[in-house]
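If you count the sequence shown from 1, position 313 lands on 313 in the numbering used here, and the numbers rise without skipping.
We put the beta carbon where it would ideally sit given N, CA and C, even for glycine.
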Amino acid sequence: MEPTDQLALRRQLQALLRKERANRRSSYDVSQPTRDVRVLAFLQATSERLGLSPVSRQPRCPKLHEIAPFPTPIIWETKVYERLCMYEKSVLGGGLRVLSSRTPHTRAVSVALFVGAGSRYEEPSLAGVSHFVEHMLFKGTERRKAPRDVAEAIEGVGGVMNAATDKELTVYWAKVPIDHFTDALDCLLDQLLHSKLDSVELERERKVVIEELAMVEDSPGEIAALLLDELLWPDQALGRDIAGSEESVEGLSRESLLGYMASQYVPENVVISVAGDLPHDQVVAEVEARVGGWAAAPFKTWEPATDGHVTPRVGLRSKRTEQAQIGLAYPSYSAFHPDRYALDIMNTILGDGMSCRLFVEIRENRGLAYGVHSSVVRYLDTGAFAVGAAVDPSKTDETIRAIRGVLDDIRSKPVPQSEMEKVKRYLKGRFLLRMEDSRAMASFIGSQELLQGSIESIDDVVRQIDAVSSEEVLRVAQDVIRDDRAHLSVVGPYRSEKRFAKLLA
């Protein structure tokens, strides 16, 4: 290139760069991402070759990412999120929903089967049946006769599999190398549709489940959590242990399990979610080849929650322990509440990580507990915010007062903007990193589809986190952390609830 031509090009690029930087101070036209991506890629590559200062890569503008064929390609930040959460959905005969999210960056594939089955769907006499069914689906099918055969179908190709029962759903999942996608899908659907529920295996597994229930008695933290559930939602499904009780599990027969499966394990109440580098058409075809004859049927819906938190209550389990376990809980928002993201930010400020307010005050400043945390649980029609800590029994009262002091502070004045920004970065970063995993992606889209019938994209989640203001967090803190709705659970060497009831006054 001639010097005069090069000089002219440099001047042209400098003008374009000035214009581009001015645009960054306002906003980009996201309705034209392809054109803008190409312009920015050209500017970045050409300006660096000519020795000009590179285009800024800071937030509020597109981030650099690989998109061929540009030497230094760029993609919109929102488009990255959309790409990560891009999914397709098909509804098969009988109402079975099949979702897939294509993730070309991984050689693993995750398959998750979500079923509308959990403790919220159970009558008191069937308490624990959802969890028992989950166990039994790993005990052999018509084709895979023994539990070992089920496990080897996945572990034999280097994969992992498991299942979990919650109050509103049960999920069966497997993660395998992508070449073994059909192995994972075939095994999970075989478990779902063709498990034998062998009587001998059932009696053996009944003992395992009862042992699992007994293990809770050796975990003060789990006891404290169960006590809080009972306080928040007394005399209803949400207040019960997901696994039931020893009495209810002893009363479950093979016919009980089969009858429950007939009421919940039906096509319209199941979502199959797949995340991996697979085309949606292939996923659907493989599912269709394995669910022929699975007829549509009605299914039972969940039991609505009732308002059981009229006044503050204390739950005490007297137990000889080296540490006392305390839990402080407040009724809060459902999965659909418009303030759910403000609540998440409040929760993170208070009790997530080593720089959160509770950790700094309770552990670092006062030395009252080794660990302290807060959490949010959300169901379809209700929810709760809770704080938990394990402390020296002689310091329980002091710790409860200190925790309440931290909670009083967040509901009395706005969170500083610097703290808000730090927490938002933390929440978004953790969320985005989690979504890099195929299993997390399959769970993200599958659980939303089953419970809500719609899916918030990753971009939606990030946008709503960013939109929360300090004033909203203050309003939510004042709405949720109310003295007249506080519930306290204590597990430790104490005999009377009265001393703790005074701490809630």
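Decide if residue i is buried, meaning its Cβ has at least 16 other Cβ atoms within 10 Å, or exposed.
i           : result
residue 500 : buried
residue 200 : exposed
residue 307 : exposed
residue 167 : buried
residue 91  : exposed
residue 194 : exposed
residue 493 : exposed
residue 59  : Because the pLDDT at residue 59 is just 30, under 50, the model does not fix this residue reliably, and the value given afterwards should be weighed accordingly. By the neighbour-count rule (16 or more Cβ atoms within 10 Å), residue 59 is not buried but exposed.
residue 484 : exposed
residue 301 : exposed
residue 19  : Confidence in residue 19 is poor, its pLDDT being 47 and thus under 50, which makes the residue's placement unreliable; the coordinate value appears in the next sentence. By the 10 Å Cβ count, residue 19 comes out exposed.
residue 460 : exposed
residue 505 : exposed
residue 289 : exposed
Using 8 angstroms as the limit for Cβ to Cβ distance, is residue i near chain D?
i           : result
residue 424 : No chain D is present in this structure, which holds just one protein chain.
When you compare only the Cα positions, how much space is there between residue i and residue j?
i           : j           : result
residue 257 : residue 341 : 38 angstroms
residue 413 : residue 406 : 12 angstroms
residue 393 : residue 363 : 15 angstroms
residue 138 : residue 458 : 33 angstroms
residue 420 : residue 358 : 16 angstroms
residue 252 : residue 440 : 33 angstroms
residue 42  : residue 476 : Low confidence applies to residue 42: its pLDDT is 39, below 50, so where it sits in the model is not reliable enough to give any reading.
residue 468 : residue 265 : 39 angstroms
residue 381 : residue 239 : 14 angstroms
residue 206 : residue 132 : 8 angstroms
residue 135 : residue 124 : 20 angstroms
residue 94  : residue 101 : 22 angstroms
residue 284 : residue 250 : 40 angstroms
residue 360 : residue 390 : 15 angstroms
residue 150 : residue 99  : 24 angstroms
residue 402 : residue 408 : 10 angstroms
residue 217 : residue 315 : 15 angstroms
residue 97  : residue 109 : 18 angstroms
Spatial neighbours of residue i within its chain, please: CB distance less than 7 angstroms, with the 5 preceding and 5 following residues excluded, ordered by chain position.
i           : result
residue 428 : 462, 465
residue 317 : 223, 227, 491
residue 116 : 169, 264, 269, 299, 450
residue 180 : 157, 159
residue 261 : 133
Excluding sequence positions up to five away, which residues of its chain have a Cβ less than 8 angstroms from the Cβ of residue i?
i           : result
residue 154 : 160, 161, 174, 176, 183, 184, 187
residue 348 : 356, 423, 426, 427
residue 400 : 326, 328, 488, 500, 503
residue 417 : 470
residue 454 : 448
residue 311 : 484
residue 236 : 303, 305, 306, 308
Need the endpoints of the alpha helix (DSSP H) that residue i sits in, please.
i           : result
residue 399 : 396-410
residue 426 : 417-434
residue 313 : Not the alpha helix (DSSP H): residue 313 falls in the beta strand (DSSP E), residues 313-318.
residue 346 : 340-351
residue 182 : 181-194
Who are the near neighbours of residue i in its chain, counting only those whose CB is closer than 6 angstroms to its CB and skipping five residues on each side?
i           : result
residue 370 : none
residue 297 : 266
residue 53  : Low confidence applies to residue 53: its pLDDT is 38, below 50, so where it sits in the model is not reliable, and the reading given next is rough at best. Excluding sequence neighbours, residue 53 sits near nothing in its chain.
residue 385 : 330, 332, 376, 480
residue 229 : 239
On the DSSP letters alone, give me the boundaries of the beta strand (DSSP E) that residue i sits inside.
i           : result
residue 330 : 324-331
residue 526 : Residue coverage of the chain in this structure runs from 1 to 505, which leaves residue 526 outside it and unanswerable.
residue 385 : 383-391
residue 505 : Neither: residue 505 is in no beta strand (DSSP E) and is coded neither H nor E.
residue 488 : 487-492
residue 365 : First-last for residue 365: undefined, no H or E at that position.
residue 170 : 170-177
Every unbroken alpha helix (DSSP H) inside the region 94-156 [4 residues or more]: For the region 94-156, the continuous alpha helix (DSSP H) assignments of 4+ residues that do not extend past its boundaries occur at 129-136, 147-155, in sequence order.
If we require 4 or more residues per run, which alpha helix (DSSP H) segments fall completely within the region 216-303? Counting only runs of at least 4 residues, the region 216-303 fully encloses the following alpha helix (DSSP H) elements, listed from N- to C-terminal order: 220-232, 246-250, 254-264, 280-288.
Fully enclosed by the region 448-472, which alpha helix (DSSP H) runs are 4 residues long or longer? Within the region 448-472, the complete alpha helix (DSSP H) runs of at least 4 residues are 458-467.
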